[in-house]
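**Q**
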Amino acid sequence: MTKLPLATILTATLTLGLATAHDAGQTIELEMMTIGYWHVVAIEWARDEPLSSATSTFDGRCSVPSDYLAQGYAEGLTFPTGPFTSETEHCGQLIWEEQDGERLLRGRLTTDGFMTLRSDDGSVMTASYSANESSFDPIMGVFLHGMHFTVESMTGVPDLAFVEGAIRMTFVMPDIAALLTESVPAIGAGHGTVSFVRDATD
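So in my numbering, spot 192 of the sequence shown is number 192, and the numbers just go up one at a time.
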């Protein structure tokens with residue numbers, strides 16, 4: 001089966017009306033849905049020791065004291081742009097609680113995140129991200145991680161200039177410690193919108 005380039009897919013999407021025009025046709029809003037997995041590629045701990053509870057700003061890279069600075073890799077599918085891979089980097093803060101005298105890892109937060117997402121045809125989307133939502137589901141035995149992505153740029157859309165975008169994702173993982181120390185992936189799904197205007201140079 002022949003793969004269509006991103007420009008062709010987006011043009012068809014806009015033409016079919018899956019994007020909604022606002023402000024007398026000046027702004028076009030493209031709905032996006034995504035699913036994929038993420039895993040750690042490299043991680044630096046505040047005390048060169050995993051899960052020690054030590055924190056650092058990593059020479060000012062992190063805006064708040066953080067347990068680690070992680071580089072990651074993601075792969076998945078985004079509608080309507082198709083398959084993607086992405087590289088990420090973020091600061092992470094772990095959430096601990098005491099239970100019966102035992103220290104338990106019960107969540108993680110994310111700040112100062114940056115992502116570069118590449119579609120199959122070389123088109124690129126960049127975004128900053130953070131996560132201020134973290135919880136543990138004792139019934140399912142999984143951790144939930146709520147991510148907020150602010151799209152900074154997006155190329156590859158014919159005749160349109162990028163304006164802004166936001167995507168919210170929820171990642172699920174059975175074990176945070178394994179995610180951060182053994183490259184066990186987290187699986188995520190999300191939904192959002194990206195806005196464009198007609199390219200004034202056309």
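All C-beta atoms, glycine included, are put in the ideal place defined by N, C-alpha and C.
Identify which residue in 70, 31 and 37 has its Cα closest to the Cα of residue 111.
**A** Ranking the options by Cα distance to residue 111, first place goes to 70.
**Q** To the nearest angstrom, how far is it from the Cα of residue 115 to the Cα of residue 125?
**A** Whole-angstrom Cα-Cα distance: 8 Å.
**Q** Where residue 98 and residue 181 are concerned, what is the direct C-alpha to C-alpha distance, given to the nearest angstrom?
**A** Taking the straight line joining both Cα atoms gives about 22 Å.
**Q** Less than 8 Å separating the beta-carbons of residue 129 and residue 148?
**A** Yes, these two residues count as a Cβ contact at 8 Å.
**Q** Between which two residues does the beta strand (DSSP E) carrying residue 167 extend?
**A** Taken as a continuous stretch (DSSP letters only), the beta strand (DSSP E) holding residue 167 covers 160-173.
**Q** Hey, how far is the Cα of residue 95 from the Cα of residue 151?
**A** Distance between the alpha carbons of residue 95 and residue 151: 27 Å.
**Q** Are residue 118 and residue 84 close, meaning C-beta to C-beta below 8 Å?
**A** Yes, the Cβ-Cβ distance between residue 118 and residue 84 is below 8 Å.
**Q** Among residues of its own chain, excluding the 5 on either side of residue 21, which ones have a beta-carbon nearer than 6 Å to its beta-carbon?
**A** Confidence is the limiting factor: at residue 21 the pLDDT is only 46, short of 50, which leaves the residue's position unreliable, though a coordinate-based value still follows. Within the same chain, residue 21 has close Cβ partners 28.
**Q** How should residue 59 be labelled, buried or exposed, when 16 other C-beta atoms within 10 angstroms of its C-beta is the threshold for buried?
**A** Residue 59 comes out exposed.
**Q** Less than 7 Å between C-beta atoms, sequence neighbours within five positions excluded: which residues of the same chain meet that for residue 199?
**A** Closer than 7 Å at the Cβ level, and outside the excluded window around residue 199, lie 159, 160 and 161.
**Q** Can you give me the Cβ contacts of residue 106 inside the same chain, cut-off strictly under 6 Å, excluding the 5 residues immediately before and after it?
**A** Answer for residue 106: 95, 97 and 136, listed in chain order.
**Q** Roughly how many angstroms lie between the CA atoms of residue 188 and residue 167, to the nearest whole one?
**A** Using only the alpha carbons, I get a separation of about 12 Å.
**Q** From residue 194 to residue 100, what does the alpha carbon distance come to, in whole angstroms?
**A** One C-alpha to the other measures close to 47 Å.
**Q** Could you check whether residue 183 and residue 40 sit closer than 8 Å to each other, using their CB atoms as the reference points?
**A** Yes, Cβ-Cβ distance for residue 40 and residue 183 is below 8 Å.
**Q** Compute the beta-carbon to beta-carbon distance between residue 37 and residue 185, rounded to the nearest angstrom, for a pair I have assumed lies under 8 Å.
**A** Rounded, the Cβ-Cβ distance is 4 Å, consistent with contact.
**Q** For residue 40, which residues does DSSP report across the bridge?
**A** In DSSP, residue 40 forms a bridge with 72.
**Q** Mind checking who residue 203 pairs with in its DSSP beta bridge?
**A** Residue 203 is absent from the model: the chain starts at 1 and stops at 202.
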